[in-house]
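Here this note's numbering is used: the first residue of the sequence shown is 44, the next is one more, and so on. Where is the CB? At the ideal position from N, CA and C, for every residue including glycine. No experiment lies behind these values; they were computed from the predicted model shown.
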Amino acid sequence: SVPVSVVAPELHRSIDLQQEWGRVFEREARVPQAGIVAVGDFADQPELMARIHRAYDEALRWCQQNAIECGETVARHIDLLSAEAVADAIAASPLEAVPAAQAREALEFFYGVLAERNPALIGGKLPEDAFYAEAK
């Protein structure tokens, strides 16, 4: 893959969306970005879910501490990403592994903002309690 600076030399980071979120909504500068969802039989295996969360947390910390190596690993498996781009994204992204139960307030605020603009984006309602089930 080719570095972004070669493909789009005029492309640069102009704002930190996390910081803007915090400023605009007068909240912590943190936007919920992604999640791991367990469905079917997997949702009924709390030990497995806890192991997955721990492994994800460990992998995230490893990538943050070894951004170049992580980037190289990703680039070997995803042709469209360069190791440098992945390492740069890791350095610029304040990623955290937070269980849904702990992030519930932030998630519900985020979903509320989406619902105000277009309720269909979240299926017309906030997720039910089971959505925030905590791995044991």
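Query raised in the report: Considering only residues of the same chain and omitting the five flanking positions on each side of cysteine 113, which have a CB-CB separation below 6 Å?
Result: Excluding positions up to five away in sequence, the list reads Cys106.
Query raised in the report: If you count every other CB in all the chains shown that lies within 10 Å of the CB of serine 125, and 16 or more means buried, which is it?
Result: Counting the other CB atoms within 10 Å of its CB gives serine 125 a total of 16 or more, which places it among the buried residues.
Query raised in the report: Taking all protein chains shown into account, do 16 or more other C-beta atoms lie within 10 angstroms of the C-beta of leucine 150, making it buried, or fewer, making it exposed?
Result: Taking all protein chains in view, the Cβ of leucine 150 is crowded by 16 or more other Cβ atoms within 10 Å, so the residue is classified as buried.
Requested in this report: Compare the beta carbon distance of proline 75 and alanine 146 with 7 Å and say whether it is the shorter of the two.
Outcome: Contact flag set, yes.
**Report entry** Closest Cα partner of tyrosine 99 within the set Ala140, Ala158, Glu53
**Finding:** Comparing Cα positions, the closest option is Ala140.
Query - From Ser136, Pro89, Gly83, residue whose alpha carbon lies closest to that of alanine 110 - result: Per the Cα distances, Ser136.
Requested in this report: May I have the straight-line CA-CA distance separating serine 57 from aspartate 131, to the nearest angstrom?
Outcome: Their Cα atoms are separated by approximately 15 Å.
Query raised in the report: Does any C-beta atom of chain B lie closer than 7 Å to the C-beta of proline 142?
Result: Absence of chain B from the displayed structure is noted, only one protein chain being present.
Query raised in the report: What number of angstroms, rounded off, separates the C-alpha of arginine 66 from the C-alpha of arginine 73?
Result: Rounded to the nearest angstrom, the two C-alpha atoms are 10 Å apart.
Query raised in the report: How would you write the range of the alpha helix (DSSP H) that glutamate 101 sits in, first residue to last?
Result: Glutamate 101 -> alpha helix (DSSP H) spans 89–108.
Report task. Assuming leucine 103 and leucine 60 form a contact by the criterion Cβ under 8 Å, report the distance between their Cβ atoms to the nearest whole angstrom. Result -> Wrong, their Cβ atoms sit about 19 Å apart, outside the cutoff.
Query raised in the report: Taking the C-alpha atoms as reference points, what is the distance between glutamate 171 and glutamate 53?
Result: Cα to Cα, the separation comes out at about 44 Å.
**Report entry** Span separating the alpha-carbon of glutamate 63 from that of glutamate 148
**Finding:** Answer to the nearest angstrom: the Cα atoms are 19 Å apart.
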